Amino acid sequence: MTTIIPFGPQHPVLPEPVQLKLEIDNDVVVGALPSLGYVHRGLEKFINTKDYNQTTYICERICGICSALHGITYTRAVEKLFNVEVPERGQYLRVITGELNRIHSHLLWLGLFADGFGFESLFYECWKYREAVLDVLERTTGNRVIHSMSKVGGASKDFTDEHINLLLKTLDTLEPQVKDLERVFVNNYTVKKRLVGLATMSKQLAYEAGTAGPTLRGSGNSIDLRDSSDWDIYKDLGFKPAVEKDGDCYARTKVRITELYDSIKLIRNAISKMPKGEIATPIKGFPTGEAIMRTEQPRGEVVYYVKGNGTKNLERLKIRTPTFANIPSLLLTLPGIKLADVPLVVLTIDPCISCTER
Amino acid sequence: MLENEVEIKNSAELLKTVEGLKNDGYRYATMICLKANDGHDLIYIFDKDYKLKNLRYFVKPGEKPKSVSGIYLCALLIENEYQDLFGLTFEGLAIDYKGHLYLTPNSPKAPLA
Numbered sequence: 107m108t109t110i111i112p113f114g115p116q117h118p119v120l121p122e123p124v125q126l127k128l129e130i131d132n133d134v135v136v137g138a139l140p141s142l143g144y145v146h147r148g149l150e151k152f153i154n155t156k157d158y159n160q161t162t163y164i165c166e167r168i169c170g171i172c173s174a175l176h177g178i179t180y181t182r183a184v185e186k187l188f189n190v191e192v193p194e195r196g197q198y199l200r201v202i203t204g205e206l207n208r209i210h211s212h213l214l215w216l217g218l219f220a221d222g223f224g225f226e227s228l229f230y231e232c233w234k235y236r237e238a239v240l241d242v243l244e245r246t247t248g249n250r251v252i253h254s255m256s257k258v259g260g261a262s263k264d265f266t267d268e269h270i271n272l273l274l275k276t277l278d279t280l281e282p283q284v285k286d287l288e289r290v291f292v293n294n295y296t297v298k299k300r301l302v303g304l305a306t307m308s309k310q311l312a313y314e315a316g317t318a319g320p321t322l323r324g325s326g327n328s329i330d331l332r333d334s335s336d337w338d339i340y341k342d343l344g345f346k347p348a349v350e351k352d353g354d355c356y357a358r359t360k361v362r363i364t365e366l367y368d369s370i371k372l373i374r375n376a377i378s379k380m381p382k383g384e385i386a387t388p389i390k391g392f393p394t395g396e397a398i399m400r401t402e403q404p405r406g407e408v409v410y411y412v413k414g415n416g417t418k419n420l421e422r423l424k425i426r427t428p429t430f431a432n433i434p435s436l437l438l439t440l441p442g443i444k445l446a447d448v449p450l451v452v453l454t455i456d457p458c459i460s461c462t463e464r
Numbered sequence: 005m006l007e008n009e010v011e012i013k014n015s016a017e018l019l020k021t022v023e024g025l026k027n028d029g030y031r032y033a034t035m036i037c038l039k040a041n042d043g044h045d046l047i048y049i050f051d052k053d054y055k056l057k058n059l060r061y062f063v064k065p066g067e068k069p070k071s072v073s074g075i076y077l078c079a080l081l082i083e084n085e086y087q088d089l090f091g092l093t094f095e096g097l098a099i100d101y102k103g104h105l106y107l108t109p110n111s112p113k114a115p116l117a
């Protein structure tokens, strides 16, 4: 006989409310049903009252962790409607802010994950290192969480030489700290014992399940939008996607650790190649037509669809966030898992409910 | 009109095309719903090698579009979202929240419709 156990909406490993109704036979999951809507904000409706520039600020507030990349993706989508080219320096500034976003997001996730398997002190370490990234974002953009670095046409703020020196110094300190974290997350006996072979998704299953980001790449799929021709600048920075083949919780963790190093390298490369000059192109008129823009956020691919009708307001804005793409995979990975392992499996998709409940 | 867009005439053609895309190795990205001429436009978005393929299907007023969640399970959340927000009814949904994925019985009905 099976029992239904509600996992969430309030649960120690869930910083935000979402529920999984778990069907349990003894202590093994045999079925899972996600339940959403606890904090749905209706932002796609709300933008009807805002003009296309104000909508940038709404998009940045979808999520406090990947705020910069929401703003960047939205503004790139609207720029596609205007068919404008952003000055190179503006593009580099976006890349640097986006990668800083990825670093602090992954450090936040590593901390939550450590807490999930009972390493309280490791949680504190991860979040302590993350603070330095938030500090540098505050010094360079003026804000710790909502950076407002991107506007339609380019970047809204420039970095001074002092900012760049501070940024490089922070990265120099951060890199060995990430190495310390890697030693625990990748080599620790207890961590491996809990993660290796847990909730394995084959390459094909992860692909067909429509997963995104480290969830997709942890199963051997080399798919990362930074590697696409959509955003050429990443090719110039020598970007290669981080991929692991095993498809389990351990592989998804390793992808995120590798991406921390990759982001540090990308920022250094971007700083060394960033040209002087304008940071934005002036925009005139109102947007017309339809466009789709995708960007690789820390949790995976985000899809923005915008439709303009020649007025100051967009006719439609649709956002498909990576967690929205990753939640259905839980229906496939949770059955067969012990109840005690459910928090770890759920955490390895790095669920962001704020994004999901736009 | 989006780049690489194909117009779909009826639900049988839709299911056949989506099945074909899956066999050709396309990944389901998402679906867009728009109000159009008293009905709705559904734009199904698929990805392969970073190239998008878009299917546009016009849903007539009162028509119940067929769910593609039997082909791509991951489509179930977005189809349920549009049942909530646009008041559409998808036939054959793998899991049907019956208009209550986000909305409670006291919420406004079909707020984006």
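Those protein sequence lines, which keep their order, are chains A and B. So the first sequence is numbered by the working numbering: it starts at 107 and just counts up by one. So the second sequence is numbered by the working numbering: it starts at 5 and just counts up by one. Beta carbons are placed, not taken as given, at the ideal position from N, Cα and C, and that holds for glycine. Every value quoted in this text rests on a predicted model; they were computed, and no experiment measured them.
- Only R31, Y32, A33, T34, I36 and L38 from the stretch 27-38 of chain B bring a Cβ to less than 7 Å from some Cβ of chain A.
- The C-beta distance from I168 of chain A to S460 of chain A rounds to 7 Å, short enough to fall under 8 Å.
- Between Y61 of chain B and chain A, the shortest Cβ-Cβ separation is not below 9 Å.
- By the CB criterion at 9 Å, D352 of chain A and V302 of chain A fall inside the cutoff.
- Taking 8 Å as the upper bound for CB-CB distance, I370 of chain A and L228 of chain A are not in contact here, some 20 Å apart.
- Contact with chain A is found for L56 of chain B, since one of that chain's Cβ atoms lies less than 9 Å from the residue's Cβ.
- The bridge partners DSSP lists for E11 of chain B are B:R60.
- Of all residues in the stretch 146-176 of chain A, those with a C-beta nearer than 8 Å to a C-beta of chain B are H146, G148, E150 and K151, reading in chain order.
- L6 of chain B and L272 of chain A have their alpha carbons spaced roughly 43 Å apart.
- Judged by DSSP in its simplified three-state form, N415 of chain A adopts strand.
- For the pair of segments examined, the stretch 245-260 of chain A was found to touch the stretch 195-206 of chain A: the number of CB pairs separated by less than 8 Å reaches three.
- At a cut-off of 9 Å between beta carbons, G324 of chain A makes no contact with chain B.
- Within the same chain, Y410 and R464 come within 6 Å of I425 of chain A by CB-CB distance, once the 5 residues on both sides are set aside.
- Secondary structure note for D51 of chain B: its beta strand (DSSP E) is the uninterrupted segment G43 to K52.
- Within the same chain, Cβ atoms closer than 8 Å to the Cβ of K57 of chain B are found at N8, V10, L25, Y30, I49, F50 and D51, the five residues on either side in sequence being excluded.
- The secondary-structure analysis by DSSP pairs D131 of chain A across a beta bridge with A:V134.
- Contact check for V135 of chain A against L440 of chain A passes: the beta carbons are separated by less than 9 Å.
- Counting the other CB atoms within 10 Å of its CB gives D42 of chain B a total below 16, which places it among the exposed residues.
- As the crow flies, the alpha-carbon of F392 of chain A is around 13 Å from that of Q160 of chain A.
- Within its own chain, the residues whose Cβ lies closer than 8 Å to the Cβ of A315 of chain A, once the five positions on either side in sequence are excluded, are M307, P434, S435 and L438, listed in chain order.
- By the 16-neighbour rule on beta-carbons within 10 angstroms, D456 of chain A is buried.
- With a 10 Å radius around the Cβ and a threshold of 16 neighbouring Cβ atoms, P118 of chain A comes out exposed.
- The C-beta distance from V408 of chain A to T155 of chain A rounds to 23 Å, too long to meet the 8 Å contact threshold.
- The beta carbons of Y163 of chain A and V284 of chain A sit about 32 Å from each other, so the pair does not count as a contact at 8 Å.
- Interface annotation for the stretch 67-78 of chain B against chain A: Y76, L77 and C78, criterion Cβ-Cβ distance under 7 Å.
- Y410 of chain A carries a strand assignment under DSSP once its states are collapsed to helix, strand and coil.
- Look at the stretch 180-212 of chain A and you find no whole run of beta strand (DSSP E) that is 3 residues long or longer.
- Cβ atoms of P121 of chain A and L277 of chain A stay farther apart than 8 Å, at about 27 Å.
- When the five nearest sequence neighbours on each side are left out, the beta carbons in the same chain lying within less than 6 Å of the beta carbon of E194 of chain A are those of P381, in order along the chain.
- Chain A has a Cβ within less than 9 Å of the Cβ of L81 of chain B.
- Beta-bridge analysis with DSSP links L139 of chain A to A:K127.
- Note on geometry: alpha-carbon atoms of Y235 of chain A and L213 of chain A lie some 7 Å from one another.
- In this structure, K418 of chain A lies away from Y230 of chain A, with their beta-carbon atoms at least 9 Å apart.
- By the CB criterion at 9 Å, P112 of chain A and P123 of chain A fall outside the cutoff.
- Shown here, G74 of chain B sits in coil according to DSSP, grouped into three states, outside any helix or strand.
- K309 of chain A and S73 of chain B have their C-alpha atoms roughly 20 Å apart.
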